[in-house]
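Those protein sequence lines, which keep their order, are chains A and B. If you read the first sequence in my numbering, its first letter stands for residue 34, the second for the next number, and so on. If you read the second sequence in my numbering, its first letter stands for residue 11, the second for the next number, and so on. Just so it is clear, CB atoms sit at the ideal spot from N, CA and C, and this is done for glycine as well. Step one of this worksheet: look at the structure below.
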Amino acid sequence: MPGFVRLQDVSLRYNEEETALALHRTSFEVEQGEFVAVVGPSGCGKSTLMKVVTGLWPATVGHVSVASRPVAGPLNCVGMAFQNSSLLPWRTILQNVMLPLEIVEPHASRLRKERSGYEAKARDLLALVGLKGYEAKQPWQLSGGMQQRAQLCRALIHEPSLLMLDEPFGALDMFTREELWLALQELWLARRPTVILVTHDLREAVFLADRVLVMSARPGRIILDREVKTARPRSLDSTYQPESVNLVHELREHISAARASAA
Amino acid sequence: MQHVQAQPDMENTRVASADSVELPVRPTSFFDRKLVRQVLPWAVIAGMFVLWELAVRIFQIQQFVLPAPTAIFEELWRWRVPILENSWQTLMTTLVGFAFAIVIGGIGGVALGSSRVIYDGFYPALIAFNSVPKVAVIPVLVIWFGIGTIPAVITAFLLSFFPILVNVATGIATVEPELRDVLRALGATRRQVIMKVGLPRAMPYFFASLKIAMTVAFVGSIVAETVAANAGIGHLMLVASSRFEVPLAFAGLIVTGLMGVGMYVICVAIEQRMTGWATRGSDSVTFGN
């Protein structure tokens with residue numbers, strides 16, 4: 034059975050004038066319900082990879098399919114979260130979290146009639162990440178970590194089958210980041226969406242993911258594919274166990290080698 | 011802190027009485043007090059009139075050169091009925107032109123900001139159009155529509171629509187790419203992206219432009235009235251100065267200024283209601299700064 038997300042020999046060039054490739058013959062598969070982290074040297078095309086998978090950018094060459102269907106345009110129903118809070122400043126936290134419901138079917142057409150039910154759902158989700166009581170606040174009234182929690186809720190409210198996270202915790206301090214790892218693990222265990230997480234934090238990748246993919250320097254392609262066998266639910270202490278530490282070291286070595294070969 | 015002597019440990023004392031500690035009141039400067047801040051603008055205006063009056067009296071300036079404020083207010087009161095009628099005419103003319111500017115500038119701005127093709131195609135032409143001095147168009151308008159209200163309405167529209175158009179277009183065109191990606195990955199149509207993100211985001215730009223457009227709309231209608239109208243405050247000022255009734259002409263200026271300020275304040279009030287999120291509840295928004 035082919036993977037839920039499948040890339041075959043995908044190459045991408047930003048535009049015709051540019052000769053350099055952003056991605057070069059990248060292939061990988063992600064199973065349904067799997068949590069995959071993508072790491073690599075900076076500028077290696079991790080974010081580009083996200084855009085290709087979601088169909089926001091078409092691949093120049095190669096084949097991309099999600100849920101056994103080839104990706105031709107932007108997919109619908111993908112949850113996304115980014116490094117910078119992309120909450121809408123004119124909406125309250127609750128309204129922000131409910132944004133996808135106004136767009137994704139079948140929720141959009143039901144929303145008017147069943148608003149209270151959907152609102153309760155959004156409140157539950159916010160409570161799950163520790164934002165109970167902040168529903169009516171404006172985004173700027175929340176700290177960076179809280180905004181990222183709200184962003185995660187927004188990415189998950191419509192129960193997407195695919196969740197794309199582009200360094201969602203990159204701008205946070207370490208303690209807040211660890212807190213959010215736990216929150217994300219809990220959300221993932223509860224719903225089991227397929228997740229692709231782009232990150233430059235190796236501990237984060239090893240803590241959260243079932244599988245870690247390492248990308249080479251630009252033009253990016255997958256140079257290493259490592260499974261993380263630690264049992265779930267994982268504790269923060271697990272990242273300091275020898276098994277995890279060794280894996281982080283191994284990943285680190287591959288990335289330094291990739292950087293060195295690029296330079 | 012009543013029982014300080016019963017708690018020898020200073021550390022504990024501080025924690026235990028944290029709620030009851032009286033914070034030292036920082037002395038507010040005279041100009042920070044609320045009442046003073048509210049009165050200050052009026053005091054400045056009154057002071058300017060007093061200085062003006064004194065200057066006219068001390069230097070014995072002729073009335074047809076610079077009339078004293080007292081003379082101006084006297085005329086203002088004497089001719090209150092025609093002044094009211096004519097300012098009403100000007101206000102309506104301006105508002106009709108302004109309303110057209112809002113509708114057409116708004117729609118054009120959305121089109122310009124959301125479509126690359128429309129932007130590339132129309133923007134240079136719009137810049138060229140905006141560089142034409144609108145006042146020079148008034149004679150042409152007179153040939154087309156005759157002397158009266160219509161050239162003034164059109165001039166008010168022509169002057170005020172461009173700032174609205176450019177600002178709305180900027181607000182929509184500068185939507186953060188991440189936001190657009192989030193919505194597009196949910197399957198949002200272009201229309202939905204504009205409705206959910208583009209338009210709300212453009213609102214602060216829109217209201218900022220309204221304040222500029224409002225004042226230039228007045229300029230447009232009044233200039234047109236001085237050239238090609240039988241009524242309106244511009245017409246009244248022209249008639250007054252041709253008869254050397256300079257205090258009356260100045261009275262017209264003051265009424266114009268009052269109307270401009272009044273409309274500006276209304277714009278700001280609407281702005282605050284609509285886009286409070288953009289100013290984050292700071293207290294510096296009273297006059298739109």
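Contact of B/Glu186 with chain A by beta-carbon distance below 9 Å involves Asn117, Ser119. Chain-order list of chain A residues neighbouring B/Val192: Met113, Ser119, by C-beta distance under 7 Å. Think of a sphere of 7 Å around the beta carbon of A/Ile256: no beta carbon from chain B falls inside it, the nearest being about 27 Å out. About 4 Å separates the beta carbon of B/Pro214 from that of B/Ala288, a gap short enough to meet the 8 Å contact definition.
In the three-state reduction of the DSSP assignment, B/Asp130 falls in the helix class, which pools H, G and I. Contact check for A/Leu284 against A/Val247 passes: the beta carbons are separated by less than 8 Å.
The three-state secondary structure of A/Glu211, taken from DSSP, is helix. Chain-order list of chain B residues neighbouring A/Pro107: Arg194, Ala195, Gly197, by C-beta distance under 8 Å. Put simply, the CB of B/Leu248 is far from chain A, with every gap to its CB atoms at 8 Å or more. With the rule of 3 Cβ pairs closer than 8 Å, the stretch 264-276 of chain A does not count as touching the stretch 89-105 of chain A. Residues are counted here when their Cβ sits less than 8 Å from a Cβ of chain B; for the stretch 148-173 of chain A these are Gln171, Trp173, given in chain order.
Only Thr285, Trp287, Ala288, Arg290 from the stretch 265-291 of chain B bring a Cβ to less than 8 Å from some Cβ of chain A. The three-state secondary structure of A/Ser75, taken from DSSP, is coil. The alpha-carbon separation between B/Val178 and B/Gly118 amounts to approximately 8 Å. Around the beta-carbon of B/Phe167, 16 or more other beta-carbon atoms lie within 10 Å, marking it buried. For a Cβ distance threshold of 8 Å, residue set Leu121 of chain A lies close to B/Val207, ordered along the chain.
The Cβ neighbour count for B/Val127, taken over all protein chains shown within 10 Å, is under 16; the residue is labelled exposed. Shown here is that no member of the stretch 85-113 of chain B has a Cβ falling below 8 Å from a Cβ of chain A. Interface with chain A (8 Å Cβ-Cβ cutoff): B/Leu189 is included. Contact between the stretch 187-194 of chain B and the stretch 115-135 of chain A is established, with three or more Cβ pairs separated by less than 8 Å.
Residue environment: A/Trp221 is assigned as buried (16 or more neighbouring CB atoms within 10 Å of its CB, all protein chains considered).
The DSSP-derived three-state label of A/Leu127 is helix.
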